[in-house]
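Colleague:
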Amino acid sequence: MKVLSEKEFFNQIAPQWDNRCKPDAGKVRFLLSKLNIKRCDRILDIGTGTGVLIPFIREKSICSRIVGIDYSEGMINIAKQKFSNKRNLDFQLLDIEKEEIEGRFHHIILYSMFPHLQKKTETIKKLIENNLFPGGNILIAHTQSRDYLNKVHDQKETDMRKAHLIEVERQAQIFKNASLNVVEAFENDQYYYLLLQKKKKYSHVLS
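In this note's numbering, the protein residues as written are 7 to 213.
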């Protein structure tokens, strides 16, 4: 049996995704509350898929500029169809580990996609340096436990078997060792998330 790549898997399952994978609204709202989204903030949704998070982000601020990015053509095409009549919303087909993202944002969200990154720390650091405003946040978030997600990925007949999460405190320490500012790291049997922030630059005036 041919082993599918992750991208091939997501392209194949895209038409059934919204019926098979319905988000827990309460959990998603809890995770987004960590960001303190303000009116008209710019938000980047990485691994947007079919745009699962978009309605929840728009609840927080209807006029926010939202950019959804995914490397699956199938997922992006469905997202564009679903939200074709919405303003301040743009979907882009892009692989964040191989291509550059244009613009800066107040918040960057990686929902249910972090373990699929090959170069995790390098990618997060690049996003913070190139695409986040000073004082902005990156939220890495899952609405399931690490053990559950790792078991699900292990069962896939794809190269998704490599897509594992490690203990959240160990992941936080890896980020800290790379000089990244980890604000919060938490996991239990319901959630796994890390919140990072880009430090603000202060100018010192000598008197």
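Don't be surprised by glycine CBs; every beta carbon is placed ideally from N, CA and C.
None of these values were measured; they are calculated from a predicted model.
Taking 8 Å as the cut-off, decide whether the C-beta atoms of R48 and R64 are in contact.
Modeller: In the sequence shown, residue 48 corresponds to position 42, counting from 1. In the sequence shown, residue 64 corresponds to position 58, counting from 1. Cβ atoms of R48 and R64: not closer than 8 Å.
Colleague: Buried or exposed: G142, going by 16 or more other Cβ atoms within 10 Å of its Cβ?
Modeller: Mapped onto the sequence shown, residue 142 falls at position 136. By the neighbour-count rule (16 or more Cβ atoms within 10 Å), G142 is buried.
Colleague: Would you grab the beta carbon distance between V174 and L200 for me? Rounded to a whole angstrom, and I think it's under 8 Å.
Modeller: Translated into the one-based positions of the sequence shown, residue 174 becomes position 168. Translated into the one-based positions of the sequence shown, residue 200 becomes position 194. Between L200 and V174 the Cβ distance is about 6 Å, and since that is below 8 Å, they are a contact.
Colleague: Go through the stretch 74 to 146 residue by residue and report every complete run of the beta strand (DSSP E) that reaches 3 residues or more, in order.
Modeller: 95 to 99, 111 to 117
Colleague: Considering only DSSP beta bridges, list what F15 is partnered with.
Modeller: In the sequence shown, residue 15 corresponds to position 9, counting from 1. None; F15 has no bridge partner.
Colleague: Candidates N94, I115, K204, R93: which alpha carbon is nearest I102's?
Modeller: The count along the sequence shown starts at 1 and reaches residue 102 at position 96. Answer by Cα proximity: I115.
Colleague: Measuring straight from C-alpha to C-alpha, what distance separates N17 and L41?
Modeller: Your numbering for residue 17 matches position 11 in the sequence shown. Your numbering for residue 41 matches position 35 in the sequence shown. Computed Cα separation, rounded: 30 Å.
Colleague: Alpha carbon to alpha carbon, how far is I52 from L145?
Modeller: Locating residue 52 in the sequence shown gives position 46, where the first residue counts as 1. Locating residue 145 in the sequence shown gives position 139, where the first residue counts as 1. The straight-line gap from Cα to Cα measures roughly 10 Å.
Colleague: In or out: R176 buried (at least 16 other Cβ within 10 Å) or exposed?
Modeller: By one-based count along the sequence shown, residue 176 stands at place 170. Sixteen is the threshold: since fewer than 16 other Cβ atoms of the shown chains lie within 10 Å of the Cβ of R176, the residue is exposed.
Colleague: H148 to F139, Cα distance in whole Å?
Modeller: Taking the first residue of the sequence shown as 1, we reach residue 148 at position 142. Taking the first residue of the sequence shown as 1, we reach residue 139 at position 133. Going from the Cα of H148 to the Cα of F139 covers about 24 Å.
Colleague: For L95, collect the residues of the same chain with a Cβ closer than 6 Å to its Cβ; drop the 5 residues on either side in sequence, then sort them by chain order.
Modeller: Your numbering for residue 95 matches position 89 in the sequence shown. Answer for L95: I72, F89, listed in chain order.
Colleague: If K33 and Y154 are in contact, beta carbons under 8 Å, what's the gap, nearest whole angstrom?
Modeller: Position 27 of the sequence shown, counted from the first residue, corresponds to residue 33. Position 148 of the sequence shown, counted from the first residue, corresponds to residue 154. No, K33 and Y154 are not in contact; Cβ-Cβ is about 13 Å, not under 8 Å.
Colleague: Select from F181, H159, P29 the residue whose C-alpha is nearest the C-alpha of L10.
Modeller: On the sequence shown, position 4 is the one that residue 10 refers to. Here the closest residue by C-alpha is H159.
Colleague: Could you check the C-alpha separation between N91 and P61 for me, to the nearest Å?
Modeller: Residue 91 sits at position 85 when you count from the first residue of the sequence shown. Residue 61 sits at position 55 when you count from the first residue of the sequence shown. For N91 and P61, the distance between alpha carbons rounds to 13 Å.
Colleague: In the DSSP output, what is H148 paired with across the bridge?
Modeller: As a working note, residue 148 is residue 142 in the sequence shown. According to DSSP, H148 bridges with Y198.
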